[in-house]
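Taking it in order: structure first as structure tokens, then the write-up.
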DNA sequence: ATCTTTGTTGGCGATGTGTCAATAAGCTCG
DNA sequence: CGAGCTTATTGACACATCGCCAACAAAGAT
């Protein structure tokens, strides 16, 4: 019998093992909610003792944080390469780019971004907020604002990104909107944002 | 010694007891993330055996669902009473009303709405989506659309509500925007939405 | 072939959760 | 006023998961 009921234990480079476990964890957390994924599941699926998961990632939440971090990491993109001279053209271009990126990673990206809080956990929140902030900054840069557009403008851009994710959900998950509908409204909203911001940089009349 | 180290067991009406436990649970889930709240905590704070919590609410998740449901249940409001004749006036009014409601329950409301998924749990998602849907419908009604504005429009309104919550966060939690800034951008965005929707009801040119 | 390093394992203790039979609080009726 | 009854409430049991750590062994070094 060549049946190896006891799979010989194999020794991997730390980086390789870590990455392998992380890959398994990403798949699991993408399919089931946090609470329904046990480290035992991940360990078994990775063909590894549960203790090893803790060894590499510490806490279960730490593992989850790493997963979300990876899921939300998008190619920093070439903002400089956004085409168009007029604001409407540039708005169209950046929205189109955003929709391309999101639709490419659709399931995992949306799963991570809508994890929006894991019921208010500060650490998870922070990771997500950082990702949103990066996206918001990219949008502002692409729309011609400098490297430091001011806190108020960044806040508005973050809220705009919030609307973008909501619309992406409607398009990709609920299928209640077409890509064109999403594109049209997001582009128009972005222009409204820019306009409103320009008319009252520190708030209306302040 | 009048010290009662063993507080005599009190018998309450089921409704009263249920409501009392729920109140305690609301406070706890509003302060700490789901995972860090144990049913033992809730039971002890309510001066009750842990088993009783399960007796009244079933699972811990069921309890949490009830909490979120209560937190997101906003007075159905008098949408009919929204003042203003022109769209800009009505937009201003409804945004103002929304901001009033949110700021009144600020912490608990935001905690519930940003629980956005409890890391992807379908049940929690559904409760939140229902609340968002109700809010979206109210906005559309107030803006003069009929009782059945069509699926596409409802989807856009839901995404708009998503932006509203993002901006509420920026205002109430991060303090990065003033109420006036939030009001101005949300009102302008709402007008843009209405305009975009009217110019292409089934999507641009469809 | 033996030593050394360190990736890996398996189990212990603690904590949290759902369930259920046993208990007693408070009302009713004799 | 006391016995009986209903049922709100308790306490403990069984099970699952988690973080930790000492012991083990795979693969390169000597």
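Chains as they are written, first to last, in my numbering: chain P, 6 to 211; chain Y, 6 to 211. Even for Gly, the Cβ is constructed at its ideal location relative to N, Cα and C.
Let me see if you follow: with CB-CB separation under 9 angstroms, is residue 127(Y) close to chain P or not?
Translated into the one-based positions of the second chain, residue 127(Y) becomes position 122. For residue 127(Y), the answer is yes, since a Cβ of chain P falls inside 9 angstroms of its Cβ.
Under a CB-based cut-off of 9 angstroms, is residue 56(P) close to chain Y?
Your numbering for residue 56(P) matches position 51 in the first chain. Chain Y contact via Cβ: absent.
From the DSSP output, in three-state form, read off residue 19(Y) for me.
The residue labelled residue 19(Y) in the question sits at position 14 within the second chain. In the structure shown, residue 19(Y) sits in a helix (DSSP, three-state: H, G or I).
Interface flag, residue 149(Y) vs chain P, CB-CB below 9 angstroms:
Residue numbering aside, residue 149(Y) sits at position 144 when the second chain is read from its first letter. Not closer than 9 angstroms to any Cβ of chain P, the Cβ of residue 149(Y) fails to qualify, so no.
Closest Cβ-Cβ distance between residue 130(P) and chain Y: below 9 angstroms?
The residue given as residue 130(P) occupies position 125 in the first chain. True, the Cβ-Cβ gap to chain Y drops below 9 angstroms.
Which whole runs of the beta strand (DSSP E) in the stretch 25-82 of chain Y are 3 residues long or more, in chain order?
none
Around the Cβ of residue 201(P), are there at least 16 other Cβ atoms within 10 angstroms (buried) or fewer (exposed)?
Taking the first chain and counting its residues from 1, one reaches residue 201(P) at position 196. Residue 201(P) comes out buried.
Is there a Cβ of chain Y sitting closer than 9 angstroms to that of residue 38(P), yes or no?
In the first chain, the residue the question calls residue 38(P) occupies position 33. Put simply, the CB of residue 38(P) is near chain Y, with a gap under 9 angstroms to one of its CB atoms.
Given 8 angstroms, three or more beta-carbon pairs between the stretch 101-117 of chain Y and the stretch 95-113 of chain P
Fewer than three beta-carbon pairs drawn from the stretch 101-117 of chain Y and the stretch 95-113 of chain P are found closer than 8 angstroms, and the two stretches are therefore not classed as touching.
Let's see if you can read the secondary structure: which residues bound the alpha helix (DSSP H) around residue 190(Y)?
As a working mapping, residue 190(Y) is identified with position 185 in the second chain. Counting along the chain, the alpha helix (DSSP H) containing residue 190(Y) begins and ends at 184-204.
Three-state secondary structure (DSSP) of residue 138(Y):
The residue given as residue 138(Y) occupies position 133 in the second chain. Of the three classes helix, strand and coil, the one that applies to residue 138(Y) here is helix, per DSSP.
Can you give me, in chain order, the residues of the stretch 182-193 of chain Y that have a beta carbon less than 7 angstroms from any beta carbon in chain P?
Listed by position along the chain: 182, 183, 185, 186, 189, 190, 193.
Which of the three DSSP states is assigned to residue 152(Y) in this structure?
For this step, residue 152(Y) is matched to residue 147 along the second chain. Correct three-state label for residue 152(Y): coil.
Beta-carbon proximity of residue 277(Y) to residue 22(Y), cut-off 9 angstroms:
Residue 277(Y) is absent from the model: chain Y starts at 6 and stops at 211.
Expressed to the nearest angstrom, what Euclidean distance is found between the alpha-carbon atoms of residue 50(Y) and residue 166(Y)?
Locating residue 50(Y) in the second chain gives position 45, where the first residue counts as 1. Locating residue 166(Y) in the second chain gives position 161, where the first residue counts as 1. In a straight line, the C-alpha of residue 50(Y) is about 35 angstroms away from that of residue 166(Y).
From residue 184(Y) to residue 172(P), what distance separates their C-alpha atoms?
Stepping through the second chain from its first residue, residue 184(Y) is reached at position 179. Stepping through the first chain from its first residue, residue 172(P) is reached at position 167. Roughly 24 angstroms separates the two Cα atoms.
Between which two residues does the alpha helix (DSSP H) carrying residue 96(Y) extend?
For the purposes of this step, residue 96(Y) is identified with residue 91 of the second chain, where counting begins at 1. It spans 92-109 - the alpha helix (DSSP H) in which residue 96(Y) sits, taken as one unbroken run.
Rounded to the nearest angstrom, how far is the Cβ of residue 197(P) from that of residue 193(Y), given a contact under 8 angstroms?
For the purposes of this step, residue 197(P) is taken as residue 192 along the first chain, with counting starting at 1. For the purposes of this step, residue 193(Y) is taken as residue 188 along the second chain, with counting starting at 1. Going by Cβ atoms, the distance from residue 197(P) to residue 193(Y) rounds to 5 angstroms, so yes, they are a contact pair.
Could you please tell me which residues of the stretch 67-82 of chain P, in chain order, have their CB closer than 8 angstroms to any CB of chain Y?
69
Taking Cβ to Cβ, would you say residue 77(Y) is nearer than 9 angstroms to residue 136(Y)?
Here residue 77(Y) refers to the residue found at position 72 of the second chain. Here residue 136(Y) refers to the residue found at position 131 of the second chain. In contact: residue 77(Y) and residue 136(Y) (Cβ atoms closer than 9 angstroms).
Assigned exposure category for residue 45(Y) - 16 Cβ within 10 Å defines buried
In the second chain, counting from the first residue as 1, residue 45(Y) sits at position 40. Residue 45(Y) should be labelled exposed.
Check whether the Cβ atoms of residue 204(P) and residue 157(Y) lie closer than 9 angstroms to each other.
Taking the first residue of the first chain as position 1, residue 204(P) is located at position 199. Taking the first residue of the second chain as position 1, residue 157(Y) is located at position 152. Against a cut-off of 9 angstroms, the Cβ pair of residue 157(Y) and residue 204(P) comes out as no contact.
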